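As you go down the protein sequences, you meet chains A and B in turn. Note that this note's numbering numbers the first sequence so that position 66 is 87, with each residue one more than the last. Note that this note's numbering numbers the second sequence so that position 299 is 723, with each residue one more than the last. Note that the Cβ used here is the ideal one computed from N, Cα and C, for glycine as well. Treat the numbers as computed from the prediction; the structure is a model and nothing was measured. Following: one structure in structure tokens, then a few remarks.
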Amino acid sequence: MISDLLALSSGLAESGVRPAEGLDSSALTAIAKEVRAKVVRMAHTGKTPHVGSALSCVDVLVSLYFDRMNVDPANPGDPDRDRFILSKGHGCMALYGVLAQRGFFPAADLAGYALDGGHLPEHPGPRAVPGIELATGSLGHGLSVGAGLALAAKIHGRNYRTYVLLSDGECEEGSIWEAALFAPARGLDNLTVIVDYNKWSAMGPTAHRVGPLAKKWEAFGWHTVEVDGHDPQAITGGLRLSNTGRPLAIVAHTVKGKGVSFMEDNLEWHYRPPTAADLDRALAELAAGAAVKTEETVKV
Amino acid sequence: MRNAFIRSLTTLAEKDESVVFLTADLGYKIFDDFAARFPGRFMNVGVAESNMIGVAAGLALAGFRPFVYSIVPFATLRCLEQIRNDVCYNHVPVTIVGVGGGYSYGPNGPTHHALEDIAAMRSLPNMTVVCPGDPVETELAVHAIGALGEPAYLRLGRAGDPVVHQAPPYFEIGKAITVRRGSDCTLMTTGGMLPVALEAAAMLSKEISCRVVNMHTVKPLDEVTLSECCRETEAIFTLEEHSRIGGLGSAVGEWLADNNLQFPLHSFGTRDSFTHVSGSQEYLRDDQHLSAAHVARRISTQLTLPVAC
Chain A
22 MISDLLALSS
32 GLAESGVRPA
42 EGLDSSALTA
52 IAKEVRAKVV
62 RMAHTGKTPH
72 VGSALSCVDV
82 LVSLYFDRMN
92 VDPANPGDPD
102 RDRFILSKGH
112 GCMALYGVLA
122 QRGFFPAADL
132 AGYALDGGHL
142 PEHPGPRAVP
152 GIELATGSLG
162 HGLSVGAGLA
172 LAAKIHGRNY
182 RTYVLLSDGE
192 CEEGSIWEAA
202 LFAPARGLDN
212 LTVIVDYNKW
222 SAMGPTAHRV
232 GPLAKKWEAF
242 GWHTVEVDGH
252 DPQAITGGLR
262 LSNTGRPLAI
272 VAHTVKGKGV
282 SFMEDNLEWH
292 YRPPTAADLD
302 RALAELAAGA
312 AVKTEETVKV
Chain B
425 MRNAFIRSLT
435 TLAEKDESVV
445 FLTADLGYKI
455 FDDFAARFPG
465 RFMNVGVAES
475 NMIGVAAGLA
485 LAGFRPFVYS
495 IVPFATLRCL
505 EQIRNDVCYN
515 HVPVTIVGVG
525 GGYSYGPNGP
535 THHALEDIAA
545 MRSLPNMTVV
555 CPGDPVETEL
565 AVHAIGALGE
575 PAYLRLGRAG
585 DPVVHQAPPY
595 FEIGKAITVR
605 RGSDCTLMTT
615 GGMLPVALEA
625 AAMLSKEISC
635 RVVNMHTVKP
645 LDEVTLSECC
655 RETEAIFTLE
665 EHSRIGGLGS
675 AVGEWLADNN
685 LQFPLHSFGT
695 RDSFTHVSGS
705 QEYLRDDQHL
715 SAAHVARRIS
725 TQLTLPVAC
């Protein structure tokens with residue numbers, strides 16, 4: 022995998038990708054730590070599973086919401102806003118966390134996540150909070166809807182971009198490939214799909230089932246790049262490659278549970294809610310900036 | 425009904441720029457005029473119904489009013505979860521248009537028969553289910569759905585369905601049409617069985633005064649008309665080209681139970697089985713005892729039976 026990432030790095034360098042215009046990489050990483058803290062708190066108070074799935078896509082979401090996407094929390098219904106769909110709806114804590122972090126709704130509301138009578142279900146509900154574009158939860162739905170949003174932009178002559186985040190296991194759903202055929206055929210170069218390739222699905226490893234993913238997206242007609250899904254510079258660099266005349270697919274190599282050592286690459290955290298002790302340990306690690314067991318990030 | 429649908433959709437699209445039409449590669453040549461008139465608002469999205477529903481939901485989220493089209497089983501059951509989640513749960517104004525209600529595609533066999541769609545569609549929250557009885561109602565239904573702005577299912581017959589209404593009736597979603605007056609019993613129908621219902625009522629006319637009510641909207645049910653039928657006639661017979669499980673008959677039965685009404689209800693629908701013979705729509709209706717003669721005979725028999733306690 023490292024060689025793939027290095028290949029990408031040189032590819033990005035050759036294509037003349039500029040550094041992030043907004044926040045620099047370390048600022049994005051700092052924000053991601055705060056979002057991760059929100060995620061593990063939610064999983065603890067809500068007693069919900071999927072903390073590993075949420076943690077694996079935090080860096081991608083932070084890069085989108087704090088660097089690439091044209092969104093305004095004060096005007097969440099702006100018709101020209103960029104759209105984001107969390108097709109892997111079970112990673113919802115990351116979406117709630119990043120929307121709260123970005124100011125779409127008060128972070129204090131996160132305390133009500135998944136509680137009886139609350140308005141923040143474990144999978145994003147329709148317009149549950151400002152900034153949610155689509156209710157998801159069943160895998161394989163988001164890319165088609167994203168293609169519809171992208172198609173609408175083409176018909177309306179609007180310049181917004183639509184981003185859809187998939188899980189790797191989700192790529193086993195046939196409907197994903199219906200949409201994967203559709204978008205290039207319709208010339209939807211205003212659509213970006215990001216696969217959170219953490220190599221795990223609910224029952225086990227995925228790589229032998231879905232890989233090699235990048236070649237598949239490429240074969241379906243998407244401009245495809247692979248990035249380290251925890252390196253803000255690599256993610257934002259990949260996201261910028263959106264002017265090729267084709268829809269853009271980013272295979273983001275990630276680590277399930279990323280950022281909390283004892284959750285990393287451990288399928289158990291697809292199911293276990295953190296105990297109070299787990300939470301304390303996780304928050305201490307995040308505060309100390311501990312990140313272990315992961316490959317060294319590749320700088321663009 | 426199919427041609428009436430295309431005519432009315434064309435009219436609707438002229439008035440409403442948000443109307444777009446998506447087909448999953450069905451309707452060879454019949455949409456050419458629409459496509460020529462509204463370039464960019466007609467899309468053959470290919471043989472991918474699940475994707476079609478999702479794309480339509482995305483278009484609707486961005487302000488469009490998509491109508492999506494395929495043969496009933498492919499437009500409803502194949503992509504049921506997309507309809508449930510992307511359209512109904514997200515509550516966007518997508519209209520699912522199913523062509524080939526009941527045995528319209530009879531000779532094509534059970535894969536193309538549409539006998540479970542009403543059950544599936546009416547179980548979905550936020551969904552309105554409309555089954556016009558003839559081409560005239562179809563045109564009215566399309567405009568009514570256009571004004572509704574909600575998830576909707578429009579169940580069509582095929583090309584060449586008989587015209588029942590010589591003049592356009594008053595049409596409102598959720599408001600049944602009494603097509604024939606009568607006081608002994610109510611024959612309540614939906615979709616393409618309307619002509620059969622009228623024929624059966626005519627056959628019975630010497631012995632039984634049979635009211636014919638067209639419940640073109642199966643969801644929401646017209647409870648006012650149902651109450652009237654219970655007050656003013658002695659029994660309700662439902663008639664539909666659909667499984668007896670989950671369709672109009674079930675809906676009326678649920679309504680009676682919900683309202684604690686002990687009232688005679690008999691339902692005509694298809695048996696809980698796949699057909700294993702080939703046959704035209706007419707042949708298969710007769711095979712399922714859904715012909716006018718079968719319906720008239722059973723009504724006559726039921727009404728002369730002693731009432732069980």
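* Asked: So which residues on chain A does B:S547 lean against when the C-beta distance must stay under 9 Å?
  -> In the second sequence, residue 547 of chain B corresponds to position 123, counting from 1. Per Cβ cutoff of 9 Å: no residues; B:S547 is ~16 Å from chain A at best.
* Quick one: what does DSSP say B:C503 is sitting in, helix, strand or coil? -> As a first step, residue 503 of chain B is located in the second sequence; it is residue number 79 there, counting from the start. Reduced to three states, the DSSP call for B:C503 is coil.
* To do: Indicate whether at least one CB of chain B lies closer than 8 Å to the CB of A:A34.
  => By 1-based counting over the first sequence, the position of residue 34 of chain A is 13. At A:A34, the pLDDT of 35 sits below 50, so the modelled position is not reliable and the matter cannot be decided from this model.
* **Extent of the continuous alpha helix (DSSP H) to which B:C653 belongs** => To locate residue 653 of chain B, count along the second sequence from 1; it is residue 229. Element bounds for B:C653: E647 to E656.
* When the Cα atoms are used, what is the spatial distance from A:Y184 to A:D103? -> By one-based count along the first sequence, residue 184 of chain A stands at place 163. By one-based count along the first sequence, residue 103 of chain A stands at place 82. Their backbone Cα atoms lie some 8 Å apart in a straight line.
* **Contact set between the stretch 645-671 of chain B and chain A, restricted to residues whose Cβ is under 7 Å from the partner** => none
* Asked: Start and end of the alpha helix (DSSP H) containing A:E18?
  -> The structure shown has nothing for residue 18 of chain A, since chain A only spans 22 to 321.
* Which residues mark the beginning and the end of the beta strand (DSSP E) in which B:R604 is found? -> Stepping through the second sequence from its first residue, residue 604 of chain B is reached at position 180. Unbroken beta strand (DSSP E) run through B:R604: I601 to R604.
* Asked: Secondary structure at A:A378, three-state DSSP: helix, strand or coil?
  -> For chain A, the structure presents residues 22 to 321; residue 378 of chain A sits outside this window and is missing.
* Should A:A235 be listed as close to the ligand ADP, given that the test is whether its C-beta is under 7 Å from any heavy atom? -> The ligand ADP is not among the ligands present in this structure, which contains no ligands whatsoever.
* Can you list, in chain order, the residues of the stretch 135-153 of chain A whose Cβ is nearer than 9 Å to any Cβ on chain B? -> G146, P147 and R148
* Near-chain B residues of the stretch 165-181 of chain A (beta-carbon distance less than 8 Å), N- to C-terminal order -> S165, V166, G167, A168, G169, L170, A171, L172, A173, A174, I176 and H177
* Asked: So what's A:T338 in DSSP terms, helix, strand or just coil?
  -> Lying before the first or after the last residue shown, residue 338 of chain A is absent from chain A, which here runs from 22 to 321.
* To do: Grab the span of the beta strand (DSSP E) containing B:L564 for me, first residue to last.
  => In the second sequence, the residue the question calls residue 564 of chain B occupies position 140. Looking at the DSSP string, B:L564 is not in any beta strand (DSSP E); the run it does join, the alpha helix (DSSP H), is P559 to L572.
* Asked: Using a Cβ-Cβ cut-off of 8 Å (strictly less than) and excluding sequence neighbours within five positions of B:S651, which residues of its own chain qualify?
  -> The residue given as residue 651 of chain B occupies position 227 in the second sequence. Cβ within range, chain order: n/a, list empty.
* Could you tell me whether any Cβ in chain A is nearer than 8 Å to the Cβ of B:F455? => Translated into positions along the second sequence, residue 455 of chain B becomes position 31. Taking Cβ atoms only, chain A never reaches closer than 8 Å to B:F455, which makes this a no.
* A:P100: buried (16+ other C-beta within 10 angstroms of its C-beta) or exposed? -> On the first sequence, residue 100 of chain A is found 79 positions in, with the first residue counted as 1. Label assigned to A:P100: exposed.
* Asked: Just how far apart, CA to CA, sit A:P253 and A:L186?
  -> Here residue 253 of chain A is taken as the residue at index 232 of the first sequence, counted from 1. Here residue 186 of chain A is taken as the residue at index 165 of the first sequence, counted from 1. Here the alpha carbons of A:L186 and A:P253 stand approximately 16 Å from one another.
* Amino acids of chain B, ordered along the chain, whose beta-carbon sits closer than 7 Å to that of A:E199 -> Locating residue 199 of chain A in the first sequence gives position 178, counting from the first residue. By Cβ distance, chain B contributes A472, S474 and N475.
* **Residue from B:A621, B:E596 and B:M617 whose Cα sits closest to the Cα of B:R604** => Within the second sequence, numbered from 1, the residue matching residue 604 of chain B stands at position 180. That would be B:A621, whose Cα lies nearest to the Cα of B:R604.
* To do: Give a yes or no on whether the minimum CB-CB distance between A:F203 and chain D is below 8 Å.
  => Structure shown: chain D not included; protein chains present are A and B.
* Around the C-beta of A:V299, are 16 or more other C-beta atoms found within 10 angstroms, so that it is buried, or is it exposed? -> In the first sequence, residue 299 of chain A corresponds to position 278, counting from 1. Checking the sequence shown, residue 299 of chain A turns out to be Asp, not Val. Flag for A:D299 reads buried.
* To do: Note down, in chain order, every chain A residue with its Cβ under 7 Å from the Cβ of B:L483.
  => Translated into the one-based positions of the second sequence, residue 483 of chain B becomes position 59. The contacting residues are G169, L172 and A173.
* Between B:A659 and the rest of its own chain, which residues show a CB-CB distance below 6 Å, the 5 nearest in sequence each way excluded? -> Here residue 659 of chain B is taken as the residue at index 235 of the second sequence, counted from 1. The answer, listed in chain order, is C609 and P688.
* To do: For chain B, find out if any of its Cβ atoms is closer than 8 Å to the Cβ of A:L155; answer yes or no.
  => Residue numbering aside, residue 155 of chain A sits at position 134 when the first sequence is read from its first letter. Taking Cβ atoms only, chain B reaches closer than 8 Å to A:L155, which makes this a yes.
* Is DSSP giving B:K643 helix, strand or coil here? -> Position 219 of the second sequence holds residue 643 of chain B. Residue state, collapsed to three classes: strand.
* Asked: For A:H65, which option in A:V119, A:N96, A:Y134 and A:L85 has the closest C-alpha, if you only look at C-alpha atoms?
  -> Taking the first residue of the first sequence as 1, we reach residue 65 of chain A at position 44. Selected option, being the one with the closest Cα: A:Y134.
* Asked: Three or more C-beta pairs closer than 8 Å, one from the stretch 58-77 of chain A and one from the stretch 288-305 of chain A: is that the case here?
  -> yes
* Check whether the Cβ atoms of B:T447 and B:N427 lie closer than 8 Å to each other. => As a working note, residue 447 of chain B is residue 23 in the second sequence. As a working note, residue 427 of chain B is residue 3 in the second sequence. No. Outside cutoff.
* To do: Can you give me, in chain order, the residues of the stretch 265-299 of chain A that have a beta carbon less than 7 Å from any beta carbon in chain B?
  => none
* For A:A312, decide whether its Cβ has a neighbour in chain B, counting only Cβ atoms nearer than 8 Å. => Working through the first sequence from its first residue, we reach residue 312 of chain A at position 291. Residue confidence is low: A:A312 scores 49 on pLDDT, short of 50, so the model does not pin down where it sits. Its coordinate-derived value is still stated next. By this cut-off, A:A312 is not an interface position.
* Could you check what DSSP says for B:D440 in three-state terms: helix, strand or coil? => The sequence position of residue 440 of chain B within the second sequence is 16, counting from 1. B:D440: coil per DSSP, three-state reduction.
* **Test: B:E505 CB closer than 8 Å to a CB of chain A** => Within the second sequence, numbered from 1, the residue matching residue 505 of chain B stands at position 81. Yes, its Cβ sits closer than 8 Å to a Cβ of chain A.
* Check whether the stretch 638-655 of chain B touches the stretch 498-513 of chain B, counting contact only when three or more Cβ pairs, one atom from each stretch, lie closer than 8 Å. => no
* What does a CB cutoff of less than 8 Å around A:L234 pick up in its chain, not counting 5 residues either side in sequence? -> For this step, residue 234 of chain A is matched to residue 213 along the first sequence. Answer for A:L234: D189, C192, V216, Y218 and V272, listed in chain order.
* Which one of A:A173, A:Y181 and A:K277 has the shortest CA to CA distance from A:L288? -> Locating residue 288 of chain A in the first sequence gives position 267, where the first residue counts as 1. Here the closest residue by C-alpha is A:K277.
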